[in-house]
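Colleague: Quick one: this structure, given as structure tokens, is what I'll be asking you about.
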Amino acid sequence: MKSFYKEFTKYFIFTRNFIKFSLVLRFTWLEWTLPFKVIEVLMGVLIWIIMSNVVESSLFYQQGGMALFIILGLSINQLLTHSLMAYRLALLRMLRGRIGFFSQSLSMIDHMMIHGVPITAGILGFVLDGYLEQIIVLALYLIVGYSIGLKFVPNADYALALISVILGILATSGIGLVSASTTILLKSWRGREPIQWSLALLSNVVSGVYFPVEALPASLRSLAYLLPQTYVLKLVREALLSYTRNYNMISSLIMTLLVYSIVSLSIGIYSLKIALKKLREEPLID
Amino acid sequence: MTLKVENLSRTFTKYVFTKRISYSTDDPGGFFNEIYNKYFSKSVKKEKVYAIRKVSFELDCGKILVVIGPNGSGKTTLLKVLAGLLAPSEGRILLNDMDLTRAPFSTYAKYFTYIPGLTASGAMWINIGLTARRNLELYAEIYGLNKSRVPEVLELVGLTEYMNTRIGTFSMGMVGRLILAAGLLKEASIYLMDEPLVGLSREVATDIMNLLRTLASENKATVIYATNNLEEAERLADHILFLYNGRQVFYGALDEFRSLVRRFILEIEGPLKFIKELLQGVEILDVSGNMVKAILSSIKEAHEILKELSARGVSFKSLKITPPTIEDIYIHMIKQRDNSIVKDKESVKTPQHMTAEVRAS
Chain A
-16 MKSFYKEFTK
-6 YFIFTRNFIK
4 FSLVLRFTWL
14 EWTLPFKVIE
24 VLMGVLIWII
34 MSNVVESSLF
44 YQQGGMALFI
54 ILGLSINQLL
64 THSLMAYRLA
74 LLRMLRGRIG
84 FFSQSLSMID
94 HMMIHGVPIT
104 AGILGFVLDG
114 YLEQIIVLAL
124 YLIVGYSIGL
134 KFVPNADYAL
144 ALISVILGIL
154 ATSGIGLVSA
164 STTILLKSWR
174 GREPIQWSLA
184 LLSNVVSGVY
194 FPVEALPASL
204 RSLAYLLPQT
214 YVLKLVREAL
224 LSYTRNYNMI
234 SSLIMTLLVY
244 SIVSLSIGIY
254 SLKIALKKLR
264 EEPLID
Chain B
65 MTLKVENLSR
75 TFTKYVFTKR
85 ISYSTDDPGG
95 FFNEIYNKYF
105 SKSVKKEKVY
115 AIRKVSFELD
125 CGKILVVIGP
135 NGSGKTTLLK
145 VLAGLLAPSE
155 GRILLNDMDL
165 TRAPFSTYAK
175 YFTYIPGLTA
185 SGAMWINIGL
195 TARRNLELYA
205 EIYGLNKSRV
215 PEVLELVGLT
225 EYMNTRIGTF
235 SMGMVGRLIL
245 AAGLLKEASI
255 YLMDEPLVGL
265 SREVATDIMN
275 LLRTLASENK
285 ATVIYATNNL
295 EEAERLADHI
305 LFLYNGRQVF
315 YGALDEFRSL
325 VRRFILEIEG
335 PLKFIKELLQ
345 GVEILDVSGN
355 MVKAILSSIK
365 EAHEILKELS
375 ARGVSFKSLK
385 ITPPTIEDIY
395 IHMIKQRDNS
405 IVKDKESVKT
415 PQHMTAEVRA
425 S
């Protein structure tokens, strides 16, 4: 009887502590993942509600109709979302070791510093590697579209589309760099990062990925023009799906995107520079 | 090449939670947590803490400096500051009168290399699906090192036999050797080694120590070697730097360190109760089984103990009187340091005071 009691006590203590431990982990998950997930789902629902209202709308471009419109929207937006997120993800992967183990452990960044390799080279390596993957995905989208008979207009302006995408990548990269810098500046290496998260989320709803910006309620439309993705998608569709082009609108959109890129990249590079300097001065875990 | 370190300090801010609010606010790393804790919370106290404080030494090329000290004494921090991984808060680092203190890490990388031990390696670069040789080749390729040296370093750490084996099958000791091999791929003027022999078998450790000696004597490389293993320290050191709570307790030549404590070590094995009674008032360094290790101030004291033993008719198994090893001195100094902290929490003495105090004893 006594030994049974002893065994039971041991069993109970282990189970209680194990549950307590897993609850602590669960708490972090509830706080840092679940609320974001709920908002993402709500936004997804909103997309489909708006979409059902405009599905037969004349707002879609002449060429390719709704399907090509969405395929282009999704593939380009995916590329731009990668630019928003890739820098932070790269930095987090490179910091694994300083965070995740004990602060004394070396991370990839430490190995780079020991060998005098610029940290930005590592970030760029990870980001470009990701772009390669994204470009493959983009190509797949287009190949699938083409194979089911979706074609761009005969007078498609591929150079304009390419310039727009490059400017879009630069603009979103600036924001991505700011987001990456907060990992070190605010020591927020766990969970989501609100800057890039909110922009990536909003872009799905308001930047015209699934439907033209003109279909949005007026209040959301002004929000759309705060995002670089809106300009890029508009320009790319104008270049590839429209028979006639409004060059006044195109030049003003290009100029806006250019200014956006210069400003966001300047802020992004500056914040990353401060962050990398801080990396040597302060630990990531206080 | 002379490395000169002057009053080197490294501080960090310690956040102390005076009241637990929730699991999440204690848990670092979240975007809002960090903002809240740093700028809004009233239950977080900030404290400035010294990881190392006013460390000074000068080291010529071809010399080995062994940094010793208990856990948390600042050995790794010192090495990381010297490697350029952490910026010093105060003080200067001079290399041949060239001030490196505020230099970018790329400048440090030209002269220094940092080799971590098994526990601190992080293992970021290791791909367990590849062979040892391929891993090192990739490491060399990525970080711009000489790839052709891979077989040579693998031989140095005794891994030639396993160079074509996937490292996922390696034991911990073998991974430790691989990390050391990766570290040795870079040829530098100053090698900073942070407990690199932890987890390595005796014969490999001996080979590595011989290699370090060769690096110092033939290649004129400077080695700064942090360890808790005083046997390694005794075998390798030209100079000793003793850190305690981030402060420099001693810096000098190995012989100077040995002569700090002009005392004798008594090792006696016998009936514990009588021996302990006999050694009342004498500093006991260690008791294991029936063996007592104590530190005696003079030979005369040893004679008195022997006399007393024979007078009481106590039979003992063995008795040995020897000069202290550096381990004995280390333990003696740590005990002395601990006592002084307990006696007077405010008596945080400067390294000079401490050295003088030990000399006087």
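In the order they appear, the protein sequences are chains A and B.
Mapping to our numbering: the first sequence position 71 is 54, numbers consecutive.
Mapping to our numbering: the second sequence position 67 is 131, numbers consecutive.
The C-beta atom is built at its ideal place from N, Cα and C for all residues, glycine as well.
(1) Is the segment 208 to 223 of chain A touching the segment 139 to 157 of chain A in the sense that three or more CB pairs, one from each, lie closer than 8 Å?
(2) Counting only Cβ pairs nearer than 7 Å, list the residues of chain A close to Phe104 (chain B).
(3) Per DSSP, which residues does Thr77 (chain B) bridge with? Please list them.
(4) Which residue marks the beginning of the alpha helix (DSSP H) containing Tyr253 (chain A), and which one marks its end?
(5) Whole angstroms are fine: how far does the CA of Ser379 (chain B) sit from the CA of Ala151 (chain B)?
(6) From what residue to what residue does the alpha helix (DSSP H) around Ile59 (chain A) run?
(7) Flag Asp112 (chain A) as yes if its beta-carbon sits less than 7 Å from any beta-carbon of chain B, otherwise no.
(8) Indicate whether Leu224 (chain A) and Leu133 (chain A) have their beta-carbon atoms separated by less than 7 Å.
(9) Given Ile252 (chain A), which residues of its chain have a CB within under 7 Å of its CB, disregarding the five upstream and five downstream residues?
(10) Please list, in chain order, the residues of the segment 190 to 216 of chain B that have any C-beta partner in chain A closer than 9 Å.
(11) For Tyr193 (chain A), tell me which candidate among A:Leu206, A:Ile22, A:Gly48, A:Phe19 has the shortest Cα-Cα distance.
(12) What is the rounded straight-line gap between the Cα of Lys409 (chain B) and the Cα of Ile398 (chain B)?
(13) Quick one: which chain B residues come within Cβ less than 9 Å of Gly169 (chain A)?
(14) So with CB distances below 9 Å, who are the chain A contacts of Lys250 (chain B)?
(15) Please say whether Glu176 (chain A) and Ser162 (chain A) have beta carbons closer to each other than 7 Å?
(16) Following the continuous beta strand (DSSP E) through Val131 (chain B), name the residue where it begins and the one where it ends.
(17) Would you kindly report the start and end of the unbroken alpha helix (DSSP H) that includes Gly151 (chain A)?
(18) Go ahead and label Phe(-13) (chain A) buried or exposed: buried means 16 or more other beta carbons lie within 10 angstroms of its beta carbon, across all protein chains shown.
(19) In the DSSP output, what is Phe176 (chain B) paired with across the bridge?
(20) I want to see whether chain B comes within less than 7 Å of Arg263 (chain A), judged by CB atoms only; does it?
(21) Which residue or residues does DSSP assign as beta-bridge partners of Glu333 (chain B)?
(22) Pull up the distance between the alpha-carbon of Arg198 (chain B) and that of Ser382 (chain B), whole angstroms please.
(23) Could you tell me which of B:Val356, B:Tyr315, B:Leu342, B:Pro335 sits nearest to Ile48 (chain B), measuring between CA atoms?
(24) Quick one: give me the first and last residue of the alpha helix (DSSP H) that His303 (chain B) is part of.
(25) Residues of chain C with CB closer than 7 Å to the CB of Tyr178 (chain B), please, in chain order.
(26) When burial is assigned at 16 or more other CB atoms within 10 Å of the CB, is Ile363 (chain B) buried or exposed?
(27) What residue does the alpha helix (DSSP H) around Gln117 (chain A) start on, and which one ends it?
(28) Met162 (chain B) by DSSP, collapsed to three states: which one?
(29) Bridge partners for Thr195 (chain B) per DSSP, in chain order?
(30) What does the Cβ neighbour count give for Thr270 (chain B), buried or exposed, with the cut at 16 atoms within 10 Å?
(31) In the DSSP output, which residue or residues are listed as bridge partners for Thr286 (chain B)?
(32) Give a yes or no on whether 7 Å exceeds the smallest Cβ distance from Leu89 (chain A) to chain B.
(33) Hey, quick one: how far does the beta strand (DSSP E) through Ala317 (chain B) stretch, first residue to last?
(34) Are there 16 or more other CB atoms within 10 angstroms of the CB of Ile54 (chain A), so buried, or fewer, so exposed?
(35) Using 7 Å as the limit for Cβ to Cβ distance, is Leu149 (chain B) near chain A?
(36) For the segment 176 to 189 of chain A, enumerate the residues whose C-beta is nearer than 8 Å to any C-beta of chain B, in chain order.
Modeller: Taking the structure as given:
(1) These segments touch.
(2) For Phe104 (chain B), there are no neighbours in chain A by C-beta distance under 7 Å, as the nearest C-beta there is about 13 Å away.
(3) Under the DSSP definition of a beta bridge, Thr77 (chain B) partners with B:Lys112.
(4) Residue range 230 to 264 is occupied by the alpha helix (DSSP H) that includes Tyr253 (chain A).
(5) For Ala151 (chain B) and Ser379 (chain B), the distance between alpha carbons rounds to 59 Å.
(6) Here the alpha helix (DSSP H) through Ile59 (chain A) covers 48 to 78.
(7) Cβ-Cβ to chain B under 7 Å: no for Asp112 (chain A).
(8) Taking C-beta atoms as the reference points, Leu224 (chain A) and Leu133 (chain A) fail to come closer than 7 Å.
(9) Correct list, in chain order: Leu160.
(10) Against chain A - using a Cβ distance shorter than 9 Å - the residues of the segment 190 to 216 of chain B are Tyr203, Ile206, Tyr207, Gly208, Leu209.
(11) Ranking the options by Cα distance to Tyr193 (chain A), first place goes to A:Gly48.
(12) With a pLDDT of only 45 at Lys409 (chain B), under 50, the local geometry of the prediction cannot be trusted, and the value read off the model is given with reservation. Each residue's Cα considered, the two are about 15 Å apart.
(13) Here residue 169 (chain A) is Leu; the residue named in the question, Gly, does not match the sequence. Those within 9 Å of Leu169 (chain A) in chain B are Phe95, Glu98, Ile99, Lys102.
(14) Within chain A, the residues near Lys250 (chain B) are Ile97, His98.
(15) One thing to note: Ser162 (chain A) has its Cβ within 7 Å of the Cβ of Glu176 (chain A).
(16) From DSSP, the beta strand (DSSP E) with Val131 (chain B) extends over 128 to 132.
(17) From DSSP, the alpha helix (DSSP H) with Gly151 (chain A) extends over 141 to 168.
(18) It is exposed - the Cβ of Phe(-13) (chain A) has fewer than 16 other Cβ atoms within 10 Å.
(19) Per DSSP, B:Ile254.
(20) At least one chain B Cβ lies under 7 Å of Arg263 (chain A).
(21) DSSP output for Glu333 (chain B) lists B:Met355, B:Ser382 as bridge partner(s).
(22) Cα-Cα distance, rounded: 55 Å.
(23) With chain B covering only 65 through 425, there is no way to say anything about residue 48 (chain B).
(24) Unbroken run through His303 (chain B) is the beta strand (DSSP E), 303 to 308; no alpha helix (DSSP H).
(25) As a matter of chain content, chain C is missing from the structure shown, whose protein chains are A and B.
(26) Exposed is the call here.
(27) Start and end: 102 to 130.
(28) DSSP places Met162 (chain B) within a strand segment (E or B) once states are collapsed to three.
(29) Answer is B:Arg230, bridged to Thr195 (chain B).
(30) It is exposed - the Cβ of Thr270 (chain B) has fewer than 16 other Cβ atoms within 10 Å.
(31) Answer is B:Ile254, bridged to Thr286 (chain B).
(32) It does: the Cβ of Leu89 (chain A) has a partner Cβ on chain B nearer than 7 Å.
(33) Residues 311 to 317.
(34) In this structure Ile54 (chain A) is buried. Its beta-carbon is surrounded by 16 or more other beta-carbon atoms within 10 angstroms.
(35) Yes, because at least one Cβ of chain A sits closer than 7 Å to the Cβ of Leu149 (chain B).
(36) Against chain B - using a Cβ distance shorter than 8 Å - the residues of the segment 176 to 189 of chain A are Glu176, Pro177.
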